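K.L.:
Note that the working numbering has the sequence shown beginning at 817, numbered continuously upward. Beta carbons: idealized from backbone N, C-alpha and C, even for Gly. None of these values were measured; they are calculated from a predicted model.
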Amino acid sequence: MDADTFRAFGKAAVDFIADYYENIRNCDVLPSVAPGYLIKQLPKELPENPQQWQEILQDVNKLIVPGLTHWQSPNFHAFYPTGCSYPSIVGDMLANGFSVIGFNWLCSPACTELEVVVMDWLAKFFKLPTHFLHSTKGPGGGIIQGSASEAVLVAVMAAREQAVRRVKDAQPELSEGEIRARLVGYSSDQSNSCIEKAGILGTLPIRLVAVDESL
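#1: Using three-state DSSP, classify Val-845 as helix, strand or coil.
#2: Looking only at its chain, what residues have a beta carbon closer than 7 Å to the beta carbon of Asp-1005, apart from the 5 residues adjacent to it on each side?
#3: Quick check: what's the CA-CA separation for Lys-860 versus Lys-1013?
#4: Cα separation between Ser-1009 and Gly-962?
#5: Would the beta-carbon of Gly-826 be found less than 6 Å away from any heavy atom of the ligand HEM?
#6: Please report the Cβ distance between Leu-858 and Phe-832, rounded to the nearest whole angstrom; I am assuming they are in contact, meaning their Cβ atoms lie under 8 Å.
#7: If you reduce the DSSP assignment to three classes, tell me which class Ile-1022 lands in.
#8: Could you check which residue in Gly-852, Ser-904, Met-817 has the C-alpha nearest to that of Pro-866?
#9: Does the count of Cβ pairs from the region 985-995 and the region 1013-1022 closer than 8 Å reach three?
#10: Consider the Cβ of Thr-928: report whether some Cβ of chain D lies at a distance smaller than 7 Å.
#11: Between Gln-987 and Lys-953, what straight-line distance do the alpha-carbon atoms span, to the nearest angstrom?
#12: What are the partner residues of Ser-1004, as DSSP defines its beta bridges?
#13: Using the C-alpha atoms, what's the distance from Gly-852 back to Val-881?
#14: How long is the line joining the alpha carbons of Ala-845 and Asn-877, rounded to whole angstroms?
#15: Is it right to say Arg-976 is buried, meaning 16 or more other beta carbons lie within 10 angstroms of its own, or is it exposed?
#16: Nearest to Phe-895 by CA position, among Ala-974, Pro-903, Val-906, Thr-885, is which residue?
#17: Quick one, which of Leu-854, Gly-918, Leu-1031, His-950 has its alpha-carbon nearest Met-935's?
#18: Return helix, strand or coil for Thr-885, following the three-state DSSP convention.
#19: Below 8 Å on the Cβ atoms is my contact criterion, and I expect Val-972 with Gly-1018 to pass it. Report the Cβ-Cβ distance as a whole number of Å.
#20: Which parts of the region 962-1002 are runs of the alpha helix (DSSP H), unbroken and 4 residues or longer, counting only runs that do not cross its ends?
#21: Between the Cα of Arg-998 and those of Tyr-837, Pro-1021, Glu-989, Ala-819, spot the shortest distance and give me the residue it belongs to.
#22: For a minimum of 4 consecutive residues, which ranges assigned as the alpha helix (DSSP H) are wholly contained in the region 871-943?
#23: Measuring alpha carbon to alpha carbon, tell me which of Gly-918, Trp-921, Ser-889 ends up nearest Asn-839.
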């Protein structure tokens, strides 16, 4: 795909997305398809020859859209909003276009510093104590995680390591292995399943505490 084809495909994709959003309230939120509907319509083997982008958009409209649960519909009231909007879509296009990996400052100074600034904005918006800011001295600061589940996992692992250090300082005769074997996390039995998954990945048993009408 050359630059001219990319421009044509990109403009058509933007039009496709805009049309989708303009008509989304007319779609049934939950699709009327049976499990396996898409598997039956796709090739059993990896295609060896490419398709024209026009054919791909046609396939998306014909095969993919009918099987979507429309999270962005104003009639969707399950789970949580995904926070998608026209500006965020364009932002994703720019980020994917640059395709930088910002795991340290040198790999992409602009990426790293923009994340620092935005996280400080967010902390100030929520009126968090100043020690949560990158711009203050101390261990504060945050980064953008890829998903809610990923953020919960990072929080569980950070809490685990903090607990290990705290117990080690108080009881230096204990090995880290002994300390880790005793750690337990607690959460409400109404919590999302990502809590338990984070416990499994973080090797931290999670005990779910039952709640009643008074919580």
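P.N.:
So, to answer that:
#1: coil
#2: Leu-1024, Val-1025, Ala-1026, Val-1027
#3: 32 Å
#4: 17 Å
#5: Although the ligand HEM was asked about, the structure shown includes no ligands whatsoever.
#6: About 20 Å separates the two Cβ atoms, so there is no contact after all.
#7: strand
#8: Met-817
#9: no
#10: Looking for chain D here will not work: only one protein chain is present.
#11: 29 Å
#12: Val-1025
#13: 15 Å
#14: For clarity, residue 845 is Val in the given sequence; the question names Ala instead. So the two alpha carbons sit approximately 16 Å from each other.
#15: buried
#16: Thr-885
#17: His-950
#18: coil
#19: 5 Å
#20: 964-986, 992-998
#21: Pro-1021
#22: 902-914, 925-941
#23: Ser-889
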